[in-house]
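J.: Before I ask anything, let me first share the structure, which is written out below as structure tokens.
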Ligand code: ADQ
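Residue numbers (full-length UniProt numbering): 247 to 737.
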């Protein structure tokens, strides 16, 4: 945190993302503030608290308009403001085309190998372009100098970097792509592939979670644009502008001493959760926490539980998966169908293996607050992350970060970016039901000493490579680029 402040030395930082870090909502008890279920917000928010500045995002809460000033700004976190949130209001038509349409029916499935076909509508693309321009205008309006540091977040804003670059040529634009980047063949089906690549190359630095995604991006540019590529330095020159393409594995804020002191002891968390859910004392509790998204491998997880109970009937009555799934993008049909399918499969498996007082799968399709998730992670024997494809995945990092008792087993998909760092987890291919079921069995019988050995090492990795290191690396690279720019301008 302190290091970040030093690195920034009074530079103005502007973040752009679709999702806002705080949502004001009207309730019967007045206005309440909610935190969205979003990996992006979980990671970028602590960084923003450390460096002040302005965060520009789509105002989506029912009371969002009631709390802003005349310039649509509000200080956050509420009650002890550390930075400014500037809200952008989108019409229903803009939100439909830009957010639900092009971003989430086009770009999201385009970038994830999850076998859902992307949808490309001309009208969505028009809205996507227009909304990118609106956010770019807001960045320019917020800029107090000609060279602010602009942090652009995610696939909602592929066009914005070049739009900002056109108006603020000396800005340092860091774009972080939170989702995977596909190979050139997969990407080539997008009708606007050139425009998207050109937009992104307005960035000074373009960050992905892994080297593999960087390599895919560089190959895609090589295939579709006339650009100079220096592979050795991961540098792309296009229209005389340079973009560094680098991997910055994202992470979480490691829990502070004060936060740790507020936790109930792990056995107490376990007792509370077991009481609440009516679980027998000898139950092995596995937990899954995800946005309710088809890329997260929730169906494959349920199939693995079913196979576990088939193969090892000794677990019937003693193995329970609690699946917590936060509703997301539920105006889209693909998401509605997916949620129905999960509900049906849960019911079927519960009918097949349930007994009076016992259900193998407990599905909670609800958003849970931070404390409730912490309690659940601390109560669990196993945390199951079976994404079919995931840029990073933060749930696995959150799980190990709260297990200061050094107990608990992580089962982790090889297709999550996190699998590259978290090698002491039980790594699985979620498409292989048998393998995943075997990993659940192995997790359920793992002796405490082996659990300790694995999770202690995982905890060290996440503690070291926390979110401030992610931001610090990116900002250090930005600092070098700014220095070079100043030197070049002097010559
Ligand atoms: P997401 O796809 O949102 O993030 P992830 O990284 O797992 O995925 O983060 C999800 C966040 O939402 C976590 O902080 C989790 O605690 C929270 N969450 C999930 N379910 C919840 C629930 N039911 N209630 C409350 N909170 C819940 C995208 C990419 C990821 C990448 C992140 C950050 O898809 O691959 O890791 O951005 O870059």
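Note that beta-carbon positions come from the ideal geometry of N, C-alpha and C, so glycine has one too.
Check each candidate in 717, 565 and 568 and name the one with the smallest Cα separation from residue 495.
T.: The shortest C-alpha separation from residue 495 is found at 717.
J.: Answer yes or no: the CB of residue 537 versus the heavy atoms of ligand 1, is any distance below 6 Å?
T.: For ligand 1, at least one heavy atom lies less than 6 Å from the Cβ of residue 537.
J.: The alpha helix (DSSP H) with residue 720 in it runs from where to where?
T.: From DSSP, the alpha helix (DSSP H) with residue 720 extends over 713–736.
J.: Could you give the first and the last residue of the continuous beta strand (DSSP E) run that contains residue 432?
T.: Segment 430–433 is the alpha helix (DSSP H) holding residue 432; no beta strand (DSSP E) there.
J.: Mapping DSSP to helix, strand and coil, what is residue 696?
T.: Residue 696 falls in the helix class under three-state DSSP.
J.: Report whether the distance from the Cβ of residue 260 to the nearest heavy atom of ligand 1 is below 6 Å.
T.: Not so, every heavy atom of ligand 1 lies at least 6 Å from the Cβ.
J.: What residue from 260, 736, 708 and 275 has the CA that sits closest to residue 500's CA?
T.: Minimum Cα distance to residue 500 is reached at 708.
J.: Name, in chain order, the residues that DSSP records as bridge partners for residue 489.
T.: Partner(s): 482.
J.: Less than 6 Å between the CB of residue 409 and some heavy atom of ligand 1, yes or no?
T.: It does not: the Cβ of residue 409 is nowhere closer than 6 Å to a heavy atom of ligand 1.
J.: Excluding the 5 residues flanking residue 725 on each side, which residues of the same chain have their C-beta closer than 8 Å to its C-beta?
T.: Answer for residue 725: 253, listed in chain order.
J.: With DSSP run on the structure shown, which of helix, strand or coil describes residue 574?
T.: Correct three-state label for residue 574: coil.
J.: Could you pull out every residue in the same chain whose Cβ sits closer than 6 Å to the Cβ of residue 267, ignoring the five residues on either side in sequence?
T.: If we look at residue 267 and ignore the five residues flanking it on each side, its Cβ neighbours are 287 and 291.
J.: Would you call the region 447–457 and the region 370–381 touching, i.e. three or more CB-CB distances under 8 Å?
T.: The answer is no - the region 370–381 does not touch the region 447–457, with fewer than three Cβ pairs under 8 Å.
J.: If we ignore side chains and look at the alpha-carbon of each, how far apart do residue 320 and residue 632 end up?
T.: Looking at the two C-alpha atoms, the distance is approximately 38 Å.
J.: What does the alpha-carbon distance come out to for the pair residue 333 and residue 616?
T.: Between residue 333 and residue 616, the C-alpha separation is close to 24 Å.
J.: Name the residue from 386, 346, 361 and 387 whose alpha carbon lies nearest to the alpha carbon of residue 234.
T.: Any property of residue 234 remains undetermined from this structure, which presents the chain solely from 247 to 737.
J.: In whole angstroms, what is the alpha-carbon distance linking residue 400 and residue 423?
T.: Residue 400 and residue 423: Cα-Cα distance of roughly 4 Å.
J.: Residue 713 and residue 451 look like a contact to me (Cβ under 8 Å); what is the Cβ gap, rounded to whole Å?
T.: Actually they are not in contact, since the Cβ atoms of residue 713 and residue 451 sit about 17 Å apart, beyond 8 Å.
J.: Compute the Euclidean distance between the alpha carbons of residue 511 and residue 369, then round it to the nearest angstrom.
T.: Each residue's alpha carbon lies about 54 Å from the other.
J.: Less than 7 Å between the C-beta atoms of residue 283 and residue 532, yes or no?
T.: No. Outside cutoff.
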